[in-house]
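S.K.: Once you've had a glance at the structure underneath, I'll fire off some questions.
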Amino acid sequence: MHTSKRYRAYKANYPLIIGSVLVLSVLFIAILGSVLAPRDPYLKSGLRFSEGPDGTVFTAPPFPPSAEFLLGSDHLGRDMLSRILYAVRSALIMALAVSSLRLVLAVPLGLLAGWYRGVLEAITRQFAAVFGAVPSLLLSFVALKIIFVPAVSGRPGNMLTLTDSVVLFIGVLALVEWPRLADQVRSRVTEIAGEPFIEGAISAGAGSARIIFRHILPQLGPEIVVMSALEISRALLLVARLGLFGIYIGGGVYEEIMPDYWIQATLYPELGSMISDVRRYLRTAPWMIIWPALTFFWIIGSFNLLAEGLRVSMHRFSERGSIARLWNALVNFFRSRWHPVRSA
Amino acid sequence: MNEAPRGGATSSTIEIAMSRASIPGNLAIRLVRLILRKMLYLAGIGLAVVLVSFLPTALTFDAHKIGFSMGFNWAKYWGGVSSYLGILLSGSFGDTVRRAGTFTYFTEFGYPVSEAIRFAFPRSLALLGIALSISVVAGIIIGLYGTNTRAKWYYGLLLSGVLAILSAPDFVIALLSQRLIVNLHSWGINILPAAGFGEMKHILLPAIIFSLVPTAYIARVTSVAMDGVLSSDYIRTAIAKGCTDRAVIYKHALRNAALRIIDSFPSIASISFANLAIVEYIFYVPGAAYKLIVTKGDVYLTAGFALCFALVYFFVDFMVSLMREFVDPRLKEAS
Numbered sequence: 000m001h002t003s004k005r006y007r008a009y010k011a012n013y014p015l016i017i018g019s020v021l022v023l024s025v026l027f028i029a030i031l032g033s034v035l036a037p038r039d040p041y042l043k044s045g046l047r048f049s050e051g052p053d054g055t056v057f058t059a060p061p062f063p064p065s066a067e068f069l070l071g072s073d074h075l076g077r078d079m080l081s082r083i084l085y086a087v088r089s090a091l092i093m094a095l096a097v098s099s100l101r102l103v104l105a106v107p108l109g110l111l112a113g114w115y116r117g118v119l120e121a122i123t124r125q126f127a128a129v130f131g132a133v134p135s136l137l138l139s140f141v142a143l144k145i146i147f148v149p150a151v152s153g154r155p156g157n158m159l160t161l162t163d164s165v166v167l168f169i170g171v172l173a174l175v176e177w178p179r180l181a182d183q184v185r186s187r188v189t190e191i192a193g194e195p196f197i198e199g200a201i202s203a204g205a206g207s208a209r210i211i212f213r214h215i216l217p218q219l220g221p222e223i224v225v226m227s228a229l230e231i232s233r234a235l236l237l238v239a240r241l242g243l244f245g246i247y248i249g250g251g252v253y254e255e256i257m258p259d260y261w262i263q264a265t266l267y268p269e270l271g272s273m274i275s276d277v278r279r280y281l282r283t284a285p286w287m288i289i290w291p292a293l294t295f296f297w298i299i300g301s302f303n304l305l306a307e308g309l310r311v312s313m314h315r316f317s318e319r320g321s322i323a324r325l326w327n328a329l330v331n332f333f334r335s336r337w338h339p340v341r342s343a
Numbered sequence: 000m001n002e003a004p005r006g007g008a009t010s011s012t013i014e015i016a017m018s019r020a021s022i023p024g025n026l027a028i029r030l031v032r033l034i035l036r037k038m039l040y041l042a043g044i045g046l047a048v049v050l051v052s053f054l055p056t057a058l059t060f061d062a063h064k065i066g067f068s069m070g071f072n073w074a075k076y077w078g079g080v081s082s083y084l085g086i087l088l089s090g091s092f093g094d095t096v097r098r099a100g101t102f103t104y105f106t107e108f109g110y111p112v113s114e115a116i117r118f119a120f121p122r123s124l125a126l127l128g129i130a131l132s133i134s135v136v137a138g139i140i141i142g143l144y145g146t147n148t149r150a151k152w153y154y155g156l157l158l159s160g161v162l163a164i165l166s167a168p169d170f171v172i173a174l175l176s177q178r179l180i181v182n183l184h185s186w187g188i189n190i191l192p193a194a195g196f197g198e199m200k201h202i203l204l205p206a207i208i209f210s211l212v213p214t215a216y217i218a219r220v221t222s223v224a225m226d227g228v229l230s231s232d233y234i235r236t237a238i239a240k241g242c243t244d245r246a247v248i249y250k251h252a253l254r255n256a257a258l259r260i261i262d263s264f265p266s267i268a269s270i271s272f273a274n275l276a277i278v279e280y281i282f283y284v285p286g287a288a289y290k291l292i293v294t295k296g297d298v299y300l301t302a303g304f305a306l307c308f309a310l311v312y313f314f315v316d317f318m319v320s321l322m323r324e325f326v327d328p329r330l331k332e333a334s
């Protein structure tokens, strides 16, 4: 630990390897999930009856895992496995959209604020403070509730369409957390702007635009890759938590099971909606909760691991250029498993 | 050290004066400046919180045959904001109002928001305080253990544990622990109550579950910071000088690593606020976040509670700045 870098033991970057494999598996399911699904995710099945020793036995929809429903069925008798396989794609697309929207908003502001300082810097810091002070979960909950409540106020013509609710969801989730990201970018840009090579560029006569695009942005690039992986996992965690409070895509669609018995359910296979009934079904039908939760854990964990592995790789090659850093991370991943220990 | 801003910005004298390098060494003057700057910051946060929390109220919906279109009513927005600011300036948080909607009929309404704050916030703050003190102690111990023992396996275990805790949907952990408590109760083992509020034992399980994520975060920050500090030159000097490991870790390294740990507190507070909603909802702690979830979209309540959350966050931020003033040895040298 206290010896110099040269004498350190060599060690594989396991987070990067495991994270990449897991993210590839997520992408595989996202692309081919609908092909692999054994049943139609929208197909409901009602009461079943079988002849037992004591006469006819009726079973009601949350069917336990069996040969027919590999991971069990939900409260409307839809196959959990098929719904999860379908839902991974929409969850991933939504997380990608949220994280890229956040980055699109945050990176330019952070760059300008970090370089020009002054009013822009003050605004960015203030924004970050405000959105850090108000819990993002509560803010998005209140905003989406206020938007969704008039939309599902019982009048049948007044339902949210799928497009509406996806756009609203992505917009709110992106707006709620982008100032924190902008502040992160800003502080990093300020750090880069203090380095000697920027001073060199200034004294060589480079203008602001040239310095930002040719000197700062390439330095920032790999870190933005790490940030986007982290943002994907953050966005998915937020989706999971909002699902707990009954806010999800296509949310608030009430389904009549029997006369006088309505339950909240959504048509679309969506991960957030699957854990919305966690309270009601954790005891009686735990498979309805456990599998979506594990799916969330798998996707979020794989992106977290990838981000951690990328961060370590970037850190190791910080002496070289940014493209060389990414290239080195990739080459080392494919060519050999041995890397120097993180120098911290 | 901090230098004048580079690049396109013209280096104004105010900015140079504000930068840390040129702050006069007198501690009292530094503190007064800090407090004044933070007061300005608090006013800005408050105004922005009000502006943000009134945004959703001015959305307008036009129902169509399928779906609806949204608009924004600027007159309603500024009217709401200005009336609320008037109420705030007159010294109260206003009264909760009844919204025209089908889902509000079962909630009580018309009571002053300050009443709700007085009942709800101490509970949340107690939960927050207990959980964060658990997580600061546990997190620093867990993070330091690796540097003490120098066991390589510990780093891998720490990283995977931290990533697992940060990736798992935390409400599932909370619900499973609650289930476990209920099952233990049905087997005749009464350790802790599964939910509820009123006594000390009620707050223990929520606090432990609540402290998981901050503990993981602090352990990670501590581990990374200590790792970074221990590979720096002055540590090698200290070892060469003949310091014991204990002295190196606790006197030389931890002093510098503490700065980074303290710096992470505002973001930990921000994460904890989000987790507060989950924990209060699942364990039925009738605190601030629970109240916000149960009353569906009352603007004055939301704005008042958001202001109080902002105040708590500001307090944490202020304490962090204050601690920096005392802990940072570079500031002491300047004086």
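Chains A and B are the protein sequences, given in the same order. Reading the first sequence from the start, the letters are residues 0 to 343 in numbering that gives the first Met the number 0. Reading the second sequence from the start, the letters are residues 0 to 334 in numbering that gives the first Met the number 0. Glycine is no exception: its CB is placed at the ideal position from the N, C-alpha and C atoms.
Starting from residue 18(A), follow its DSSP beta bridges and name the residues at the other end.
M.R.: Here residue 18(A) corresponds to residue number 19 of the first sequence, with the count starting at 1. The partner list for residue 18(A) (beta bridge, DSSP) is empty, contrary to what the question assumes.
S.K.: Less than 8 angstroms between the CB atoms is what I'm expecting for residue 265(A) and residue 61(A), so what's the real figure, rounded?
M.R.: Taking the first residue of the first sequence as 1, we reach residue 265(A) at position 266. Taking the first residue of the first sequence as 1, we reach residue 61(A) at position 62. About 16 angstroms separates the two Cβ atoms, so there is no contact after all.
S.K.: Got a sec, what are the start and stop residues for the beta strand (DSSP E) residue 204(A) sits in?
M.R.: Counting from 1 along the first sequence, the entry for residue 204(A) is found at position 205. Premise fails: residue 204(A) is in no beta strand (DSSP E) and is neither H nor E.
S.K.: Would you give the residue range spanned by the beta strand (DSSP E) that residue 55(A) belongs to?
M.R.: On the first sequence, residue 55(A) is found 56 positions in, with the first residue counted as 1. Run containing residue 55(A): 54-58, per the beta strand (DSSP E) assignment.
S.K.: Nearest by alpha-carbon distance to residue 49(A): which of 59(A), 24(A), 16(A), 127(A) is it?
M.R.: On the first sequence, residue 49(A) is found 50 positions in, with the first residue counted as 1. The shortest Cα separation from residue 49(A) among 59(A), 24(A), 16(A), 127(A) belongs to 59(A).
S.K.: Could you have a look at residue 135(A) and say whether DSSP puts it in helix, strand or coil?
M.R.: The sequence position of residue 135(A) within the first sequence is 136, counting from 1. Correct three-state label for residue 135(A): helix.
S.K.: Do the stretch 245-260 of chain B and the stretch 296-312 of chain B touch if we need at least three Cβ pairs shorter than 8 angstroms?
M.R.: They do not touch, by the three-pair rule.
S.K.: Apart from the five residues just before and just after residue 314(B), which ones in its own chain have a Cβ nearer than 7 angstroms to its Cβ?
M.R.: Within the second sequence, the letter at position 315 stands for residue 314(B). Correct list: empty, nothing qualifies.
S.K.: Could you give the residue range of the beta strand (DSSP E) that holds residue 47(A)?
M.R.: As a first step, residue 47(A) must be located in the first sequence, where it is residue number 48. Residue 47(A) -> beta strand (DSSP E) spans 47-51.
S.K.: Is any beta-carbon of chain A found at less than 8 angstroms from that of residue 105(B)?
M.R.: Here residue 105(B) is taken as the residue at index 106 of the second sequence, counted from 1. At residue 105(B), the pLDDT of 45 sits below 50, so the modelled position is not reliable and the matter cannot be decided from this model.
S.K.: Could you tell me the distance, in whole angstroms, from the CA atom of residue 247(B) to the CA atom of residue 313(A)?
M.R.: Here residue 247(B) refers to the residue found at position 248 of the second sequence. Here residue 313(A) refers to the residue found at position 314 of the first sequence. C-alpha separation (whole angstroms): 29 angstroms.
S.K.: Does any residue of chain A bring its CB to less than 8 angstroms from the CB of residue 321(B)?
M.R.: Start at 1 with the first residue of the second sequence, and residue 321(B) comes out as number 322. With 8 angstroms as the cut-off, residue 321(B) does not count as an interface residue toward chain A.
S.K.: Quick check on the DSSP output: what are the complete alpha helix (DSSP H) runs of length 4 or more inside the stretch 215-256 of chain B, in order along the chain?
M.R.: DSSP runs (the alpha helix (DSSP H)) wholly in the stretch 215-256 of chain B: 232-240.
S.K.: Check the DSSP bridge columns for residue 78(A) and list the partner residues they point to.
M.R.: Residue mapping note: residue 78(A) aligns to position 79 of the first sequence, counting from 1. Looking at the DSSP assignment, residue 78(A) forms a beta bridge with 72(A).
S.K.: Whose C-beta lies closer than 6 angstroms to the C-beta of residue 214(B) among residues of the same chain, with five residues either side of it excluded?
M.R.: Residue numbering aside, residue 214(B) sits at position 215 when the second sequence is read from its first letter. Hits under 6 angstroms: 134, 137, 138.
S.K.: Please report the Cβ distance between residue 286(A) and residue 76(A), rounded to the nearest whole angstrom; I am assuming they are in contact, meaning their Cβ atoms lie under 8 angstroms.
M.R.: Looking up residue 286(A) in the first sequence gives position 287. Looking up residue 76(A) in the first sequence gives position 77. Wrong, their Cβ atoms sit about 13 angstroms apart, outside the cutoff.
S.K.: If you measure between the beta carbons of residue 220(B) and residue 260(B), is that distance less than 8 angstroms?
M.R.: In the second sequence, counting from the first residue as 1, residue 220(B) sits at position 221. In the second sequence, counting from the first residue as 1, residue 260(B) sits at position 261. Closer than 8 angstroms, so yes.
S.K.: Report the option in 317(B), 311(B), 320(B) whose CA atom is closest to the CA atom of residue 128(B).
M.R.: As a first step, residue 128(B) is located in the second sequence; it is residue number 129 there, counting from the start. Answer by Cα proximity: 311(B).
S.K.: Using beta carbons (cut-off 8 angstroms, strictly below), is residue 192(B) in contact with chain A?
M.R.: Sequence index remark: in the second sequence, residue 192(B) carries index 193 (1-based). Judged by the 8 angstroms Cβ criterion, residue 192(B) is not in contact with chain A.
S.K.: Out of 102(A), 307(A), 57(A), which has the shortest C-alpha to C-alpha gap to residue 219(A)?
M.R.: Translated into the one-based positions of the first sequence, residue 219(A) becomes position 220. Comparing Cα-Cα distances from residue 219(A) to each of 102(A), 307(A), 57(A), the minimum goes to 102(A).
S.K.: Can you say whether residue 37(A) is buried or exposed, counting buried as having 16 or more other CB atoms within 10 angstroms of its CB?
M.R.: Locating residue 37(A) in the first sequence gives position 38, counting from the first residue. That one is exposed.
S.K.: Please classify residue 340(B): is it buried, with 16 or more other beta-carbons within 10 angstroms of its beta-carbon, or exposed?
M.R.: Here chain B has residues from 0 to 334 only, and residue 340(B) is not among them.
S.K.: May I ask you to list, following chain order, the residues of the stretch 307-318 of chain B that have a beta carbon less than 9 angstroms from some beta carbon of chain C?
M.R.: Absent from the structure: chain C. Protein chains present are A and B.
S.K.: Taking only beta-carbon atoms, is residue 43(B) less than 8 angstroms away from chain A?
M.R.: Sequence index remark: in the second sequence, residue 43(B) carries index 44 (1-based). Closer than 8 angstroms: yes.
S.K.: Suppose contacts are defined by Cβ-Cβ distances below 8 angstroms. Is residue 188(A) in contact with residue 110(A) by that definition?
M.R.: One-based indexing of the first sequence puts residue 188(A) at position 189. One-based indexing of the first sequence puts residue 110(A) at position 111. Their beta carbons are under 8 angstroms apart, which means residue 188(A) touches residue 110(A) by this criterion.
S.K.: Starting from residue 182(B), follow the alpha helix (DSSP H) in both directions and report where the run begins and ends.
M.R.: Working through the second sequence from its first residue, we reach residue 182(B) at position 183. From DSSP, the alpha helix (DSSP H) with residue 182(B) extends over 169-185.
S.K.: Alpha carbons only, please: which of 140(A), 51(A), 43(A), 45(A) is nearest the one belonging to residue 248(A)?
M.R.: Position 249 of the first sequence, counted from the start, is the residue given in the question as residue 248(A). With distances taken between Cα atoms, residue 248(A) lies closest to 140(A).
S.K.: Using 8 angstroms as the limit for Cβ to Cβ distance, is residue 245(B) near chain A?
M.R.: Stepping through the second sequence from its first residue, residue 245(B) is reached at position 246. No, residue 245(B) lies away from the interface with chain A (no Cβ there is under 8 angstroms from its Cβ).
S.K.: Since residue 301(B) meets chain A, which of its residues come closer than 7 angstroms, beta carbon to beta carbon?
M.R.: For the purposes of this step, residue 301(B) is identified with residue 302 of the second sequence, where counting begins at 1. Ordered by position in chain A, the residues that pass the 7 angstroms Cβ test against residue 301(B) are 141.
S.K.: Do you know offhand how far residue 208(B)'s Cα is from residue 199(B)'s?
M.R.: As a first step, residue 208(B) must be located in the second sequence, where it is residue number 209. As a first step, residue 199(B) must be located in the second sequence, where it is residue number 200. Their Cα atoms are separated by approximately 15 angstroms.
S.K.: Can you pull the chain A neighbours of residue 158(B), defined as C-beta to C-beta under 8 angstroms?
M.R.: Working through the second sequence from its first residue, we reach residue 158(B) at position 159. Residues of chain A passing the Cβ test: 14, 307.
S.K.: Looking at chain B, is there any beta carbon in it that lies within less than 8 angstroms of the beta carbon of residue 83(A)?
M.R.: For this step, residue 83(A) is matched to residue 84 along the first sequence. Chain B contact via Cβ: absent.
S.K.: Around the C-beta of residue 34(A), are 16 or more other C-beta atoms found within 10 angstroms, so that it is buried, or is it exposed?
M.R.: Locating residue 34(A) in the first sequence gives position 35, where the first residue counts as 1. With fewer than 16 Cβ atoms within 10 Å of its Cβ, residue 34(A) is classed as exposed.
S.K.: My output table needs one value for residue 2(B): the three-state DSSP class, helix, strand or coil.
M.R.: As a working note, residue 2(B) is residue 3 in the second sequence. Any reading at residue 2(B) is ruled out, since the residue's pLDDT is 44, under 50, leaving its predicted position unreliable.
S.K.: Of all Cβ atoms in chain A, is any one closer than 8 angstroms to the Cβ of residue 211(B)?
M.R.: Within the second sequence, the letter at position 212 stands for residue 211(B). False, the Cβ-Cβ gap to chain A never drops below 8 angstroms.
S.K.: Identify the continuous alpha helix (DSSP H) that holds residue 194(A) and give its terminal residues.
M.R.: Sequence index remark: in the first sequence, residue 194(A) carries index 195 (1-based). Run containing residue 194(A): none; DSSP gives neither H nor E here.
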